[in-house]
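Asks:
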Amino acid sequence: MNSLLSRGLLLGLLSLGLLAASHAVTLNAFVEAAAQQNIAEMQNARIALDKSHDEQVKTLAQQMLDEHAKDLAALKALAKKLKMDVPTEASLLAKANTLRLESRDESFERIYLDNLANGLEQRLALFKKEANSSENPELKGFAQQALPHISAQLEKARRQHARFKASAKQLSPP
Numbered sequence: 000m001n002s003l004l005s006r007g008l009l010l011g012l013l014s015l016g017l018l019a020a021s022h023a024v025t026l027n028a029f030v031e032a033a034a035q036q037n038i039a040e041m042q043n044a045r046i047a048l049d050k051s052h053d054e055q056v057k058t059l060a061q062q063m064l065d066e067h068a069k070d071l072a073a074l075k076a077l078a079k080k081l082k083m084d085v086p087t088e089a090s091l092l093a094k095a096n097t098l099r100l101e102s103r104d105e106s107f108e109r110i111y112l113d114n115l116a117n118g119l120e121q122r123l124a125l126f127k128k129e130a131n132s133s134e135n136p137e138l139k140g141f142a143q144q145a146l147p148h149i150s151a152q153l154e155k156a157r158r159q160h161a162r163f164k165a166s167a168k169q170l171s172p173p
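In numbering that gives the first Met the number 0, the protein residues as written are 0 to 173.
(1) Mind the definition here: the region 37-54 touches the region 123-140 only if three or more C-beta pairs lie below 8 Å; say whether that holds.
(2) Can you tell me where the alpha helix (DSSP H) holding residue 134 begins and where it ends?
(3) To the nearest angstrom, report how far apart residue 64 and residue 152 are at their CA atoms.
(4) Under a three-way DSSP split, which group does residue 70 fall into?
(5) Measuring CB to CB, does residue 108 end up less than 8 Å from residue 56?
(6) Quick one: is the Cβ of residue 38 within less than 7 Å of any heavy atom of the ligand GTP?
(7) Classify residue 205 as buried or exposed, calling it buried when 16 or more other Cβ atoms lie within 10 Å of its own Cβ.
(8) If you draw a straight line from the C-alpha of residue 101 to the C-alpha of residue 84, how long is it?
(9) Measure the C-alpha to C-alpha separation of residue 147 and residue 104 and round it to an integer number of angstroms.
(10) Going by alpha carbons, who is nearest to residue 110 out of 81, 161, 38 and 28?
(11) Between residue 122 and residue 42, is the Cβ-Cβ spacing less than 8 Å?
(12) Since residue 94 is in the alpha helix (DSSP H), which residue starts that stretch and which ends it?
(13) Please name the residue, chosen from 130, 131, 115 and 127, that lies closest to residue 67 on a Cα-to-Cα basis.
(14) Secondary structure at residue 106, three-state DSSP: helix, strand or coil?
(15) Please return the same chain residues whose Cβ sits closer than 7 Å to the Cβ of residue 28, not counting the five positions on each side in sequence.
(16) Suppose you measure from the CA of residue 62 to the CA of residue 129; what does that come to, to the nearest Å?
(17) Using DSSP with H/G/I as helix, E/B as strand and the rest coil, what is residue 56?
As structure tokens, this is what we get:
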């Protein structure tokens with residue numbers, strides 16, 4: 000009987016430990032995804048600075064590089080305060096997109112801007128979710144504070160993307 004009670008108590012403690020671990024994973028998932036997105040956007044911006052022939056795209060890429068570096072530094076500082084690890088590499092999917100981008104010469108700008116807009120849409124969704132549902136007040140505040148900035152980045156990317164889509168249509172045969 001005593002053994003059964005001990006096992007029950009041990010099982011209860013393990014369950015609490017798993018619950019705490021899953022909570023930590025949830026908090027870390029936001030930090031991990033946000034950091035990986037920043038890293039990917041910075042890598043893509045560097046490629047755009049090197050490969051693009053369009054000055055407006057280069058200007059946007061430099062802005063993205065500067066802004067994402069600043070965002071990543073702020074995220075790292077918050078994560079350090081919260082004793083969370085921050086990844087140093089982009090996700091595998093982002094790395095694949097970067098390789099695809101590096102291999103393009105024709106229509107580079109359109110593909111870069113398409114990737115940028117898609118990435119920023121995902122980033123906006125991630126930060127909205129964190130701002131609305133985070134149980135950690137510091138992460139929630141961080142996400143809420145970043146939303147207007149991410150929205151502005153997305154609008155810039157969409158404007159440039161629309162410009163290239165329009166020029167591609169003009170070049171298409173009727």
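C-beta: ideal position from N, C-alpha, C; glycine also. As the structure is a prediction and not an experimental result, all values here were calculated from the model.
Replies: Quick answer:
(1) Contact between the region 37-54 and the region 123-140 is absent, because fewer than three Cβ pairs lie under 8 Å.
(2) If you look at residue 134, you'll find it isn't in any alpha helix (DSSP H); DSSP assigns it neither H nor E.
(3) When rounded, the distance between both Cα atoms is 11 Å.
(4) The DSSP-derived three-state label of residue 70 is helix.
(5) It is a contact, given that the beta carbons lie within the stated cut-off.
(6) No copy of the ligand GTP appears in this structure; indeed no ligand is present at all.
(7) There is simply no residue 205 to check, as the chain begins at 0 and stops at 173 in what is shown.
(8) As the crow flies, the alpha-carbon of residue 101 is around 29 Å from that of residue 84.
(9) Approximately 33 Å, taken between the alpha carbons.
(10) Considering only alpha carbons, the answer is 161.
(11) No, Cβ-Cβ distance for residue 122 and residue 42 is not below 8 Å.
(12) Where residue 94 is concerned, the enclosing alpha helix (DSSP H) stretches over 91-101.
(13) Taking only the C-alpha atoms, the option nearest residue 67 is 115.
(14) In the structure shown, residue 106 sits in coil (DSSP, three-state: anything other than H, G, I, E or B).
(15) Its chain contains no residue whose beta carbon lies nearer than 7 Å to that of residue 28 once the 5 sequence neighbours on both sides are disregarded.
(16) Each residue's alpha carbon lies about 24 Å from the other.
(17) Looking at residue 56 - three-state DSSP - the assignment turns out to be helix.
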